[in-house]
Amino acid sequence: MFDDTKVLKALKTGNAVYAETFAEETRYTLIQLESEKIEKLEKGLDKGVGLRVIRPWQTFFASTNSHEESHLIELAKELVRSAREGRGEVKEGSLQLARYPFAIETPPRDVGTERKLRLVRSVEAAARKMEKRIKQVKVLYRDTDQNIRIAASDGTQVEENRTQLVMTLLVVGEEDGELQTAYEAIGGFCGFEFFTDERIDAFVKTTVQRLSGLLGAMEAPMGTKTVVLASEAGGTMIHEAIGHGLEADLAMEGLSCYKGMLGQTMAAPLIDIVDDKTLPFKRGTYAYDDEGTASERTILVEKGVLKNYLFDRFHAMKYGMRSTGNGRRESFRYKPIPRMSNTMILSGPHDPAKIIASVDDGLLVKKMGGGQVDTVRGDFVFEIQEGYLIEKGQIGPMVRNATMMGNGPKVLREIDMVGTDLGFGIGTCGKDGQGVPVADAQPTLRMPEIVVGGRGE
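Just add 46 to the spot in the sequence shown (first one is 1) and you have this note's numbering.
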């Protein structure tokens, strides 16, 4: 292990306003089962160090797999030469260890590979048993045990251990020559105790029942409709169509439709949006971000008014703001950038059943698919993986091959009912070539006018 202070002093000999070391050791297991065969089984250790120097307003970054102090000091000197010569100060700090208000009972590192393989195989077997029209099953299991240590020239010194689990299930079925696909993911910042029999049963049943419905579903009709986005859909739309536009690198630099809107009304008065890194067991949770800033619950939108953006240190310093603890990176190989954590629209006053009952002719969305978003204009297109017609206040037949198109700012302003419930989804968010674990959530929402695409009449 290297001396953080010595490396920081080598980094801060340049005319930098900030210097940082990010040391990481991550142990992981990856299992991929496809078509009843284990296609991939990986166990490994990935470790290294990222060095960063900031001077107004440029970032100089380098990474290495070595933890050798002499090598890191030489790398720091090379980085400084790139950032020009000068003088700098390194403040002393005391090491802060991450603490959580929840406990990991069974760390995945303490669970044998055979037990993990049995779990993966049991998921596949259960799916095939439940639906005979299944042609393909793909199960992915991954656990990571990440230890990070961050030291910075402002005196920051933190150490944190993060445990992540995720399992995904993809099933493909065929009916009358047509293929349909259903997908689901579960996991979080948790131990192996997360995988209870009840949770696994529900996971498989939800995925397979969605596939069964799609195999017999009618084609979605086209047109402008009232759309009810159920809480169980998770917060995919809020994450993609709104959340990215509130990340400071986009919002402060003209790449977001929400640029310059702090203090202004951007949504209906019923809408409150937060990014909360402190939630127990959620996939986007951490005690410190990847720059050593303590996590917090950041209020982004309150009663429709934009209150804040998601800041990392670089953009906070550049624009005279405060970091919200959203500086995140995939690993030591990448510099941190503003990213979401657990992002959600908060619950509102309306009974979800009454929201559905209020719609005469519309679409109920229970699961979103992939999509595209233009953060500058706010326009979006999303696939709908699970949707049902709403006919005279009642849930009607399932539809397939549906899409929904709209504009994020417009949709936010027009939402007129917000449910008392709250449903979470998980994912790995990609941005600038980096993937980080996230969660998103929302209550049941009513959107009066959304363009629905489909192949039906």
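Backbone N, C-alpha and C define an ideal beta-carbon position, used for all residues, glycine too.
Query raised in the report: Cα separation between V498 and C303?
Result: One-based indexing of the sequence shown puts residue 498 at position 452. One-based indexing of the sequence shown puts residue 303 at position 257. V498 and C303: Cα-Cα distance of roughly 23 Å.
Query raised in the report: alpha helix (DSSP H) containing P455: first to last residue?
Result: Counting from 1 along the sequence shown, the entry for residue 455 is found at position 409. Element bounds for P455: G454 to E460.
Query raised in the report: Who are the Cβ neighbours of T190 in its own chain at under 6 Å, not counting the five residues just before and after it?
Result: As a first step, residue 190 must be located in the sequence shown, where it is residue number 144. Excluding positions up to five away in sequence, the list reads T72, Y74 and Q210.
Query raised in the report: So is the beta-carbon of L225 under 7 Å away from any non-hydrogen atom of the ligand HEM?
Result: Among the components of this structure there are no ligands whatsoever, and the ligand HEM is therefore not found.
Query raised in the report: Which ranges would you report for the beta strand (DSSP E) in the segment 201-268 if only whole runs of at least 3 residues count?
Result: Taking 3 residues as the minimum length, the beta strand (DSSP E) runs contained wholly in the segment 201-268 are 203-221 and 224-234, in order along the chain.
Query - Extent of the continuous alpha helix (DSSP H) run through A56 - result: Within the sequence shown, the letter at position 10 stands for residue 56. Unbroken alpha helix (DSSP H) run through A56: D50 to L57.
Query raised in the report: Looking at the structure shown, is I119 part of a helix, part of a strand, or coil, going by DSSP?
Result: Within the sequence shown, numbered from 1, the residue matching residue 119 stands at position 73. Reduced to three states, the DSSP call for I119 is helix.
**Report entry** Helix, strand or coil at E160 according to DSSP, with G and I counted as helix
**Finding:** The residue labelled residue 160 in the question sits at position 114 within the sequence shown. DSSP places E160 in helix when its eight states are reduced to three.
**Report entry** Presumed contact (8 Å Cβ cut-off) between A287 and Q431, rounded CB distance
**Finding:** Position 241 of the sequence shown, counted from the first residue, corresponds to residue 287. Position 385 of the sequence shown, counted from the first residue, corresponds to residue 431. The pair is not a contact, with the Cβ atoms about 16 Å apart (cut-off 8 Å).
**Report entry** 7 Å Cβ shell around G415 - same chain, five flanking residues per side excluded
**Finding:** If you number the sequence shown from 1, residue 415 lands on position 369. So the qualifying residues of the chain are F428, E429, I430 and Q431.
Requested in this report: Compute the beta-carbon to beta-carbon distance between M312 and L352, rounded to the nearest angstrom, for a pair I have assumed lies under 8 Å.
Outcome: By 1-based counting over the sequence shown, the position of residue 312 is 266. By 1-based counting over the sequence shown, the position of residue 352 is 306. Contact flag correct, Cβ pair sits at about 5 Å.
Report task. Within its chain, find whatever has a CB closer than 7 Å to the CB of K349; leave out the 5 residues flanking it on each side and keep chain order. Result -> Position 303 of the sequence shown, counted from the start, is the residue given in the question as residue 349. Contacts found: P315 and D318.
Query raised in the report: If we count the other Cβ atoms within 10 Å of its Cβ and call it buried at 16 or more, is G469 buried or exposed?
Result: For the purposes of this step, residue 469 is identified with residue 423 of the sequence shown, where counting begins at 1. G469 comes out buried.
Query raised in the report: On the three-state DSSP scale, how would you describe E71?
Result: The residue labelled residue 71 in the question sits at position 25 within the sequence shown. E71 falls in the strand class under three-state DSSP.
Requested in this report: Tell me whether the beta-carbon of S109 lies closer than 8 Å to the beta-carbon of V95.
Outcome: Along the sequence shown, one-based indexing puts residue 109 at 63. Along the sequence shown, one-based indexing puts residue 95 at 49. By the CB criterion at 8 Å, S109 and V95 fall inside the cutoff.
Report task. Answer with buried or exposed for D321, where buried requires no fewer than 16 other C-beta atoms within 10 angstroms of its C-beta. Result -> Sequence index remark: in the sequence shown, residue 321 carries index 275 (1-based). So D321 counts as buried.
Query raised in the report: What first and last residue would you give for the alpha helix (DSSP H) that runs through M363?
Result: Working through the sequence shown from its first residue, we reach residue 363 at position 317. Residues R359 to K364.
Report task. Measure the Cβ-Cβ separation of Y334 and E206 and say whether it is below 8 Å. Result -> On the sequence shown, residue 334 is found 288 positions in, with the first residue counted as 1. On the sequence shown, residue 206 is found 160 positions in, with the first residue counted as 1. Contact: yes.
Query raised in the report: If you draw a straight line from the alpha carbon of E70 to that of M367, how long is it in whole angstroms?
Result: Residue numbering aside, residue 70 sits at position 24 when the sequence shown is read from its first letter. Residue numbering aside, residue 367 sits at position 321 when the sequence shown is read from its first letter. Roughly 28 Å between the two C-alpha positions.
Query raised in the report: Between R133 and F148, what straight-line distance do the alpha-carbon atoms span, to the nearest angstrom?
Result: Numbered from 1 along the sequence shown, position 87 holds the residue referred to as residue 133. Numbered from 1 along the sequence shown, position 102 holds the residue referred to as residue 148. Below a pLDDT of 50, predicted positions are generally treated as unreliable, and R133, at 47, falls in that range; no measurement from the model is reported.
Query raised in the report: Is V183 closer than 8 Å to R195 when the C-beta atoms are compared?
Result: If you number the sequence shown from 1, residue 195 lands on position 149. If you number the sequence shown from 1, residue 183 lands on position 137. No, they are not a contact pair.
Query raised in the report: Leaving out five residues before and five after K251 in sequence, what residues of the same chain have Cβ atoms less than 8 Å from its Cβ?
Result: Here residue 251 refers to the residue found at position 205 when the sequence shown is read from its first residue. The residues are M176.
Report task. Quick one: measure Cβ to Cβ for S213 and G281, integer angstroms, because I've assumed they're closer than 8 Å. Result -> Counting from one through the sequence shown, the residue named residue 213 turns up at place 167. Counting from one through the sequence shown, the residue named residue 281 turns up at place 235. As written in the sequence, residue 213 is Met, which differs from the Ser given in the question. Wrong, their Cβ atoms sit about 20 Å apart, outside the cutoff.
Query raised in the report: How big is the Cα-Cα spacing for G306 and F357?
Result: Reading the sequence shown from its first residue, position 260 is the one you call residue 306. Reading the sequence shown from its first residue, position 311 is the one you call residue 357. Each residue's Cα considered, the two are about 15 Å apart.
Requested in this report: Compute the beta-carbon to beta-carbon distance between G465 and I401, rounded to the nearest angstrom, for a pair I have assumed lies under 8 Å.
Outcome: Indexing the sequence shown from 1 puts residue 465 at position 419. Indexing the sequence shown from 1 puts residue 401 at position 355. The Cβ separation is near 6 Å, so the contact holds.
Query raised in the report: Roughly how many angstroms separate the alpha carbons of T344 and A485, rounded to a whole number?
Result: Your numbering for residue 344 matches position 298 in the sequence shown. Your numbering for residue 485 matches position 439 in the sequence shown. The alpha-carbon separation between T344 and A485 amounts to approximately 15 Å.
Query - Closest residue to K89 among Y187, R501, E342 and G234 (Cα-Cα distance) - result: Numbered from 1 along the sequence shown, position 43 holds the residue referred to as residue 89. It is Y187 whose Cα lies nearest to the Cα of K89.
Query raised in the report: At which residues does the beta strand (DSSP E) containing K89 begin and terminate?
Result: By 1-based counting over the sequence shown, the position of residue 89 is 43. Note, K89: beta strand (DSSP E), K83 to R101.
Query raised in the report: What did DSSP end up calling P494 once you bin it into helix, strand or coil?
Result: In the sequence shown, the residue the question calls residue 494 occupies position 448. In the structure shown, P494 sits in a strand (DSSP, three-state: E or B).
Requested in this report: Tell me, please, which residues DSSP counts as bridged to D322.
Outcome: Against the sequence shown, residue 322 aligns to sequence position 276. R343.
Query raised in the report: Is it true that the CB of H113 sits closer than 8 Å to the CB of M47?
Result: Taking the sequence shown and counting its residues from 1, the one referred to as residue 47 is at position 1. Taking the sequence shown and counting its residues from 1, the one referred to as residue 113 is at position 67. The answer is yes: Cβ separation under 8 Å.
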